[in-house]
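Just below is one structure, and these are the notes that go with it.
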Amino acid sequence: MPQPLSSRDQTLFRTVIKNYEDKHYKKGLKACEQILKKNPKHGDTTAMKGLILNAQGQTEEAFALAKEALQYDMKSHICWHVYGILYRTNKNFEEAIKAYKFALKLEPESQQIARDLATLQIQTRDYQGYIQSRAAMLKARPSVRQSWTALAVAHHLAGELQEAEHILTTYENSLKNPPLKSDFENSEAVLYKNQIIAERGDIERALEHLETAGKDALDRLAVMELRAQYNKKLGKKEEATKAYRALLDRNPEHPDYYTDLIEVLGLSDEAERKALYDEYATKYPRSDAAKRLPLDFLTGDAFRQAAKSYLVSMLSKGVPSVFANLKHLYKDESKKETLPALVEEYIQELKSSGDVNGDSSKGEGAALYFLAQHYNYHLSRDLAKAMEYADKAIALDPKNVEFAMTKARIYKHQGDTQKAAEAMDAARQLDTRDRYINTKAAKYQLRNDNNEKALELLGMFTRAETPGGPLADLLDMQCIWFLTEDGESHARQGHVGLALKRFHAIYNIFDIWQEDQFDFHTFSLRKGQIRAYVDMIRWEDKVRDHPLYSRPALAAIKVYLDMYDASQSTNGVNGTSGDANGADAQEAKKAAKKAKKEAQKAEKEAAEKAAKQDPNAAKKEEVPGKKKDEDPNGLKLAATEDPLGEATKFLVPLLQFSPKLIDAQIAGFEVYLRRKKYVLALKCLNEALALDENHPALHAQAIQLRHALNSDMKDLDPKVQEALKETFTAVPASADLKQLNAEFLKKHGNSAQHRIAAARAAVTLGEDRSKAEKDLVDALNIKDTTFEDAAALLEQLKKWKSGEVASFKQAAHEKWPEVTVFA
Amino acid sequence: MAEERQPQNVVEGAVGDVEDEVPAAKSAEDRKAADALSKLDNRADDDAAGGSKDVDQDAVNRALGGGKTDAKKDTKKVKIDTADVTLIMSELDVTKPQATSLLKASNGDAVQLLKDYVTPNAGSGGLGDSPRGTFWERPITDTKLQTTRATPRHAATLQYA
Numbered sequence: 001m002p003q004p005l006s007s008r009d010q011t012l013f014r015t016v017i018k019n020y021e022d023k024h025y026k027k028g029l030k031a032c033e034q035i036l037k038k039n040p041k042h043g044d045t046t047a048m049k050g051l052i053l054n055a056q057g058q059t060e061e062a063f064a065l066a067k068e069a070l071q072y073d074m075k076s077h078i079c080w081h082v083y084g085i086l087y088r089t090n091k092n093f094e095e096a097i098k099a100y101k102f103a104l105k106l107e108p109e110s111q112q113i114a115r116d117l118a119t120l121q122i123q124t125r126d127y128q129g130y131i132q133s134r135a136a137m138l139k140a141r142p143s144v145r146q147s148w149t150a151l152a153v154a155h156h157l158a159g160e161l162q163e164a165e166h167i168l169t170t171y172e173n174s175l176k177n178p179p180l181k182s183d184f185e186n187s188e189a190v191l192y193k194n195q196i197i198a199e200r201g202d203i204e205r206a207l208e209h210l211e212t213a214g215k216d217a218l219d220r221l222a223v224m225e226l227r228a229q230y231n232k233k234l235g236k237k238e239e240a241t242k243a244y245r246a247l248l249d250r251n252p253e254h255p256d257y258y259t260d261l262i263e264v265l266g267l268s269d270e271a272e273r274k275a276l277y278d279e280y281a282t283k284y285p286r287s288d289a290a291k292r293l294p295l296d297f298l299t300g301d302a303f304r305q306a307a308k309s310y311l312v313s314m315l316s317k318g319v320p321s322v323f324a325n326l327k328h329l330y331k332d333e334s335k336k337e338t339l340p341a342l343v344e345e346y347i348q349e350l351k352s353s354g355d356v357n358g359d360s361s362k363g364e365g366a367a368l369y370f371l372a373q374h375y376n377y378h379l380s381r382d383l384a385k386a387m388e389y390a391d392k393a394i395a396l397d398p399k400n401v402e403f404a405m406t407k408a409r410i411y412k413h414q415g416d417t418q419k420a421a422e423a424m425d426a427a428r429q430l431d432t433r434d435r436y437i438n439t440k441a442a443k444y445q446l447r448n449d450n451n452e453k454a455l456e457l458l459g460m461f462t463r464a465e466t467p468g469g470p471l472a473d474l475l476d477m478q479c480i481w482f483l484t485e486d487g488e489s490h491a492r493q494g495h496v497g498l499a500l501k502r503f504h505a506i507y508n509i510f511d512i513w514q515e516d517q518f519d520f521h522t523f524s525l526r527k528g529q530i531r532a533y534v535d536m537i538r539w540e541d542k543v544r545d546h547p548l549y550s551r552p553a554l555a556a557i558k559v560y561l562d563m564y565d566a567s568q569s570t571n572g573v574n575g576t577s578g579d580a581n582g583a584d585a586q587e588a589k590k591a592a593k594k595a596k597k598e599a600q601k602a603e604k605e606a607a608e609k610a611a612k613q614d615p616n617a618a619k620k621e622e623v624p625g626k627k628k629d630e631d632p633n634g635l636k637l638a639a640t641e642d643p644l645g646e647a648t649k650f651l652v653p654l655l656q657f658s659p660k661l662i663d664a665q666i667a668g669f670e671v672y673l674r675r676k677k678y679v680l681a682l683k684c685l686n687e688a689l690a691l692d693e694n695h696p697a698l699h700a701q702a703i704q705l706r707h708a709l710n711s712d713m714k715d716l717d718p719k720v721q722e723a724l725k726e727t728f729t730a731v732p733a734s735a736d737l738k739q740l741n742a743e744f745l746k747k748h749g750n751s752a753q754h755r756i757a758a759a760r761a762a763v764t765l766g767e768d769r770s771k772a773e774k775d776l777v778d779a780l781n782i783k784d785t786t787f788e789d790a791a792a793l794l795e796q797l798k799k800w801k802s803g804e805v806a807s808f809k810q811a812a813h814e815k816w817p818e819v820t821v822f823a
Numbered sequence: 001m002a003e004e005r006q007p008q009n010v011v012e013g014a015v016g017d018v019e020d021e022v023p024a025a026k027s028a029e030d031r032k033a034a035d036a037l038s039k040l041d042n043r044a045d046d047d048a049a050g051g052s053k054d055v056d057q058d059a060v061n062r063a064l065g066g067g068k069t070d071a072k073k074d075t076k077k078v079k080i081d082t083a084d085v086t087l088i089m090s091e092l093d094v095t096k097p098q099a100t101s102l103l104k105a106s107n108g109d110a111v112q113l114l115k116d117y118v119t120p121n122a123g124s125g126g127l128g129d130s131p132r133g134t135f136w137e138r139p140i141t142d143t144k145l146q147t148t149r150a151t152p153r154h155a156a157t158l159q160y161a
């Protein structure tokens, strides 16, 4: 039962709360103990003690205390609120919402609790709950604009646009004095309302609203852009033209303004369009866009002429990014021919006319650099020539970082990661204070699996005082490219634990990004930046569609699949002969042991290093609240019992947010097939086929699925059987799979990738593995096989623990002596 | 357990005379922004242009009164076999509520649901068009992580200080 406190203790209790908010945890705890000494069963104080302990990282004790507190005082909203906060900080949002709701029931007038509840509801995207909470908060505080805007946002996000607009209008009508023009919150709210009107599809009214209420809005650019867009959509040619011209006068570099203006004016003729760009190129001589964009649509001689004048002006200035600006034109065959020819011409002209002005090296260097990049680019690759031009450029200006960097890139494309890393490091030494080249050099080290050196390089730019060294700082700073490259490198080297450690770190960073919204639910409303807030909410909903997620996720799935396959073959489920199994098992065990040993060694070294580097590091790491990493080398991750379950964790967001990524569908199939989730596997296969029905991997997958269904179909639920029968059409049920595969191999035998697919299918069907291996080895002799294909072949052979691995490597090394993986 | 009870409809007695909160004294707060937050709210109170509370109260009633009418409850009743729910949960690897709503959407026909599901771009199961449809048309090598810059994660929170 609740104990009333003496007035002295009440004051003390208030200081506890104050201490907590000011993060004076030790003082707070002391005060708690003081109160509890006299009132050992005081619920609120017990709860506060729990809250403080939680802030210090003692989660378990905190929960125990919070529960105890509730036993003492079931009817205290503070106890319930604390309980909710504990759940929230431990990310159990569902329970937290329940606790908050209960606290609010006990204390309906607490704004604090209402706000916490509402924040959680929007965080979990419980729109209806959020609307309810916001409506209640509005009733409690109708005089604050924020309450109104928040409710409108709630309706807006829930898709109830009409209601959202209604709320905003009602507030505007209730104002007796119009807000000042300089009132930022009002200005944003007006534009927000305008956005809602436009989203409702009523462009006419949106334009009218913009021209009346919105014309003084402080975000001038937004007003101008909206005006142009609305007029364009409504077909008001004259107004739209005027609006877009005004925008171009403001910013003549924005490509969309040009295309939109051209659309409004209805210019379809090449010359007419060029004339428009020329108009702006003359008006704004420094504008790059007006000169460059016409190259996208011009053809023939007109293109040649425009390209020439653009190239000459850029090269003479020595602009290093010319090639990057133009390489998108290479999709067009004739432009791909014209551009390098023009650059050659430029060099010739320089040589014949040069020497007069003296300084032609800038132009020549830029031109040579362009050609080096041209021959290094995947659509126009000729690495020998690329190297020639790069060397010429370097001879001209040996101190140029970009030229040296290109050389490293050429080595990379040759497959010589070793030399590439060395060359990039040489480039780095030309300018050790440049972060960009430092980063590049580190990346090339990672590609060459030299993880330590990479970290050392990056350490030159990370904060020196971070406990745990550069790695900890990179993690802290959420340096995803590094984590991805490092993880992939460890995966290549078979350091499963470390690879998974990095990939999981990235996964968690995306979680953190989702959590980062939390503060903005209140912050953005308070600041009145609602449009940006709504944008952010929508972005957060699809944050994992980014390649920064999909790439490491695919890599992680691959690691887990290999792990699962290895465990299957050691268990003898999937193996061919007993002999091979025994060897496999032994080897796997050996590898695991070795990995463990290495990891332990690395850990020990790291610890020693850390101790040496900074004697205070150990002390610092014990900062309360910051948990120490219990598993720095990912050994626990590598020891997972359920690799397919873990893979699914990475897979689900991938399929949800990047369904158009064929690699995601292919990976999805592999996971679901192994999990015997045939419907899901078929879904992935069908999606992939819709994206690219000629992808070689899909042939093997279709055969694998049919093969699996041939044996497992009868065990499936009749409803599933029915659905599968009708929808799995890629390989008919009656097909002779072996024959089908043989035909496939015959038809596509000239492609290494297809051979891999056929070989995998053959092995699935129980055919002779040695024949499949021979087919793979033989693929080396196909004319079109690249070293990348060969690396894929090698990987497949290694996965099968084939006896051919060594001889294959040897043969490949002879064919491509420069490629590091075959060395 | 008390926490399982459904909370009553929130804030009924609060309408009318509302005393603004004294946050620090009344309840606990976990966020570091607490102080700044309550201060800013107070200022917002002062700022709120004109309009006595009574006028606003009318407005609230008007605004909320209008909203309650178009309740969008989906009252369509579909009979759903629990065996189907279990089947969908296991076959599509989804939670029970998800399985139920998927079945509802296809009128309780599990076979039809499965068929629609495996058809490319059928739209069920949340696999719609990616908003970045054209994004992937670029070769993946072009989207490498070269241009990423590390941003201090505390960039956002610094503003509270």
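If you read the sequences in order, they're chains W and D.
Going by full-length UniProt numbering, the first sequence opens with residue 1, and the numbers climb by one from there.
Going by full-length UniProt numbering, the second sequence opens with residue 1, and the numbers climb by one from there.
Cβ coordinates follow ideal geometry from the N, Cα and C atoms, glycine included.
Remember, it's a predicted structure, so these values are computed and weren't measured experimentally.
**Proximity test, Cβ basis, 7 Å: Asn-686/W and chain D** = yes
**Item:** Minimum Cβ-Cβ distance from Asp-332/W to chain D less than 7 Å
**Value:** no
**Request:** Would you list, in chain order, the members of the stretch 716-737 of chain W that have their beta-carbon closer than 7 Å to a beta-carbon of chain D?
**Result:** Asp-717, Lys-719, Val-720, Glu-722, Ala-723, Glu-726 and Thr-727
**Message:** To the nearest angstrom, how far is the alpha carbon of Ala-730/W from that of Gln-704/W?
**Reply:** 11 Å
**Prompt:** Val-679/W versus chain D: which residues are under 7 Å apart at the beta carbon?
**Reply:** Glu-91, Leu-92, Leu-114, Tyr-117 and Val-118
**Asked** Apart from the five residues just before and just after Glu-61/W, which ones in its own chain have a Cβ nearer than 6 Å to its Cβ?
**Response** Leu-53
**Item:** Local conformation of Ala-639/W per DSSP, three classes
**Value:** coil
**Asked** Using the C-alpha atoms, what's the distance from Leu-113/D back to Asn-633/W?
**Response** 44 Å
**Message:** Looking at Ala-700/W: is its Cβ nearer than 7 Å to the Cβ of Ala-779/W?
**Reply:** no
**Prompt:** Exposed or buried, Val-78/D, counting other C-beta atoms within 10 Å across all chains shown (16 or more means buried)?
**Reply:** exposed
**Request:** Return the chain-ordered list of same chain residues with a C-beta closer than 8 Å to the C-beta of Met-713/W, the five sequence neighbours on each side being excluded.
**Result:** Gln-721 and Leu-724
**Asked** CA-CA distance, Pro-817/W and Gln-373/W?
**Response** 23 Å
**Prompt:** Exposed or buried, which one is Asn-438/W when buried takes at least 16 other CB atoms within 10 Å?
**Reply:** buried
**Request:** Taking Arg-205/W as the reference, give the member of Glu-337/W, Asn-231/W and Asp-473/W with the closest Cα.
**Result:** Asn-231/W
**Prompt:** If we cut at 7 Å on Cβ distances, does residue 869/W have a partner in chain D?
**Reply:** No answer is possible for residue 869/W: the residues shown for chain W start at 1 and end at 823.
**Request:** Decide yes or no for the touch test of the stretch 477-488 of chain W against the stretch 532-545 of chain W: beta carbon pairs closer than 8 Å, at least 3 of them.
**Result:** no
**Request:** Say whether chain A places a C-beta atom closer than 7 Å to the C-beta of Leu-87/D.
**Result:** Absent here is chain A; the protein component of the structure consists of chains W and D.
**Request:** Give every residue of the same chain whose Cβ lies closer than 6 Å to the Cβ of Asp-416/W, excluding the five residues on either side of it in the sequence, and list them in chain order.
**Result:** Glu-818 and Thr-820
**Request:** Go ahead and label Leu-221/W buried or exposed: buried means 16 or more other beta carbons lie within 10 angstroms of its beta carbon, across all protein chains shown.
**Result:** exposed
**Message:** Counting only C-beta atoms, is Leu-682/W closer than 7 Å to chain D at any point?
**Reply:** yes
**Backbone secondary structure at Trp-800/W - three-state DSSP** = coil
**Message:** Count Cβ pairs between the stretch 690-698 of chain W and the stretch 674-681 of chain W that sit closer than 8 Å; are there 3 or more?
**Reply:** no
**Item:** Beta-carbon neighbours of Lys-274/W, restricted to chain D and to distances below 8 Å
**Value:** Simply none; closest approach about 26 Å.
**Item:** Beta-carbon spacing of Thr-727/W, Ala-752/W below 7 Å
**Value:** no
**Request:** Alpha carbon to alpha carbon, how far is Asp-183/W from Ala-213/W? Give it in angstroms, no decimals.
**Result:** 13 Å
**Request:** Please confirm if the stretch 511-520 of chain W is in contact with the stretch 468-476 of chain W, defined as three or more CB-CB distances below 8 Å between the two stretches.
**Result:** no
**Prompt:** Along chain W, which residues have their Cβ under 9 Å away from the Cβ of Val-78/D?
**Reply:** Here the premise fails: no neighbours, minimum Cβ distance about 17 Å.
**Request:** Verify the CB distance criterion: does Lys-37/W have a CB-CB separation below 7 Å to chain D?
**Result:** no
**Asked** Applying the criterion that 16 or more other CB atoms from any shown protein chain within 10 Å of the CB defines a buried residue, is Asp-511/W buried or exposed?
**Response** exposed
**Prompt:** Which residue from Ala-103/W, Ile-756/W, Glu-693/W and Glu-188/W puts its Cα closest to that of Ile-530/W?
**Reply:** Glu-188/W
**Asked** Are residue 845/W and Gln-665/W touching if we call contact CB-CB under 7 Å?
**Response** Look at the range of chain W in this structure, 1 to 823, and you will see that residue 845/W is not part of it.
**Message:** Whole angstroms are fine: how far does the CA of Ser-90/D sit from the CA of Lys-139/W?
**Reply:** 45 Å
**Alpha-carbon spacing of Leu-104/W relative to Leu-685/W, whole angstroms** = 50 Å
**Prompt:** Is DSSP giving Ile-97/W helix, strand or coil here?
**Reply:** helix
**Prompt:** Can you round the beta-carbon distance between Val-671/W and Leu-561/W to whole angstroms, since I take them to be within the 8 Å contact cut?
**Reply:** 7 Å
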